[in-house]
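Heads up: the structure comes next, in structure tokens.
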Amino acid sequence: MTGTLINFAAVIIGSLTGLLAGKKIHEKTRQTLLTAVGLFLIAYGILIFGQTQNMLIPLVSMVLGTIIGELLNIEERLNLLGESVQQKVARFSGNLSGEPQKFVTGFVTASILFCIGPMALLGALQDGITGNYEMLAIKSLMDMISSMALASTLGVGVIFSAFMVLVYQGGISLLAGWIGQGVGEGVVAEMTATGGVILVGIAISSLLELKKIRIGSFLPSFFVAILIVILLNSFGVSY
Numbered sequence: 036m037t038g039t040l041i042n043f044a045a046v047i048i049g050s051l052t053g054l055l056a057g058k059k060i061h062e063k064t065r066q067t068l069l070t071a072v073g074l075f076l077i078a079y080g081i082l083i084f085g086q087t088q089n090m091l092i093p094l095v096s097m098v099l100g101t102i103i104g105e106l107l108n109i110e111e112r113l114n115l116l117g118e119s120v121q122q123k124v125a126r127f128s129g130n131l132s133g134e135p136q137k138f139v140t141g142f143v144t145a146s147i148l149f150c151i152g153p154m155a156l157l158g159a160l161q162d163g164i165t166g167n168y169e170m171l172a173i174k175s176l177m178d179m180i181s182s183m184a185l186a187s188t189l190g191v192g193v194i195f196s197a198f199m200v201l202v203y204q205g206g207i208s209l210l211a212g213w214i215g216q217g218v219g220e221g222v223v224a225e226m227t228a229t230g231g232v233i234l235v236g237i238a239i240s241s242l243l244e245l246k247k248i249r250i251g252s253f254l255p256s257f258f259v260a261i262l263i264v265i266l267l268n269s270f271g272v273s274y
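Using our numbering, the first residue of the sequence shown is number 36, and each one after it goes up by one.
Structure representation (structure tokens):
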């Protein structure tokens, strides 16, 4: 869970920077930094897509996975989860005033932003199954910039969201590492390639804001890719 530890440290560093000097960092600069990360994410997504041994596998995985995601309304469920947590905290913090309310708001807002998203899940799975934490390292940079901006306005509560990242992503990585023991190279390659397509979508939708994309609906594609390779291997087609 190396990637999760890096992410944990990045949120703390970003939050401390935001608390100490956040108001001195112009919003335009923060947005430009996120754009730079978005462009890099597209390049990285294309790079890891090149690991596929058969382009039809990521394509079929994306098509079938998206259909499953839409049928399950994953995008809406993720949004509802975030809204539900915020509403419950809002009711609780309504009885608070001043700094306590600000602390809770900062903690919950940052936790939802850093944990409820495709990149947190994909990166943690990749780290756990393959030991490759590149995706979480990129997410760490994004989260560091975001935590800097949040902490400058919402205060010290943002720092404690790092512990939610540690528990959530770390738990997924440990579980994936246990389940994924002995996973073949073909499974890893197609899983990674499919994840690369999803990363490009995240960059276009969330960082560059060129087009709103229902990224949550793509999540099943990651698991469909794994299943396709396992099925092909069972029929004697080696990957």
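We put the CB at the ideal spot given by N, CA and C, even for glycine.
Item, Value
"Counting only runs that start and end within the segment 61 to 101, where is the alpha helix (DSSP H) found for 4 or more residues in a row?", "62 to 84"
"For my contact list, Leu157 and Ile233 are in at a C-beta cut-off of 8 Å; report their separation, rounded to the angstrom.", "6 Å"
"Is the beta carbon of Ile41 closer than 8 Å to that of Leu171?", "yes"
"As an exercise, report each continuous alpha helix (DSSP H) stretch of at least 4 residues that is fully enclosed by the segment 194 to 233, in chain order.", "196 to 214"
"How about Ser256 and Met97: do their beta carbons lie closer than 8 Å?", "yes"
"Determine contact between the segment 66 to 84 and the segment 219 to 239, defined as no fewer than three beta-carbon pairs at a distance below 8 Å.", "yes"
"Could you compute how far the alpha carbon of Ser21 sits from the alpha carbon of Leu113?", "Nothing can be reported for residue 21, as the shown portion of the chain is limited to 36 through 274."
"Do you know how far the Cα of Val222 is from the Cα of Ser187?", "42 Å"
"What separation, rounded to the nearest whole angstrom, lies between the Cα atoms of Leu76 and Leu245?", "14 Å"
"Have a look at Ile248 and Ser146 and give me their C-alpha separation to the nearest angstrom.", "22 Å"
"What's the gap between the Cα of Ile48 and the Cα of Val272?", "47 Å"
"So, do the segment 59 to 74 and the segment 175 to 194 have three or more beta carbon pairs nearer to each other than 8 Å?", "yes"
"Beta-carbon within less than 7 Å of Gly205's beta-carbon, same chain only, minus the 5 sequence neighbours each way: which residues are those?", "Met36, Thr39"
"Check this for me: beta carbons of Ala197 and Gln86, under 8 Å apart or not?", "no"
"Less than 8 Å between the C-beta atoms of Gly104 and Ser252, yes or no?", "yes"
"How big is the Cα-Cα spacing for Asn268 and Glu220?", "12 Å"
"Using the Cα positions of Gly100 and Cys150, report the straight-line distance between them to the nearest angstrom.", "21 Å"
"Just to confirm the assignment, what range does the alpha helix (DSSP H) spanning Glu169 have?", "169 to 189"
"Roughly how many whole angstroms lie between the Cα atoms of Gln161 and Phe258?", "12 Å"
"Measuring alpha carbon to alpha carbon, tell me which residue in Met226, Gly190, Leu201, Arg65 is nearest Pro93.", "Met226"
"Look at Val95 and Gly141 and say whether their C-beta atoms are less than 8 Å apart.", "no"
"Determine the burial state of Phe138: buried for a count of at least 16 other Cβ atoms within 10 Å of its Cβ, exposed for fewer.", "buried"
"Measure the beta-carbon distance from Val46 to Val200 and round it to whole angstroms, keeping in mind my assumption that it falls under 8 Å.", "6 Å"
"Could you round the C-beta distance between Ala159 and Ala211 to whole angstroms and report it? I think they count as a contact, below 8 Å.", "7 Å"
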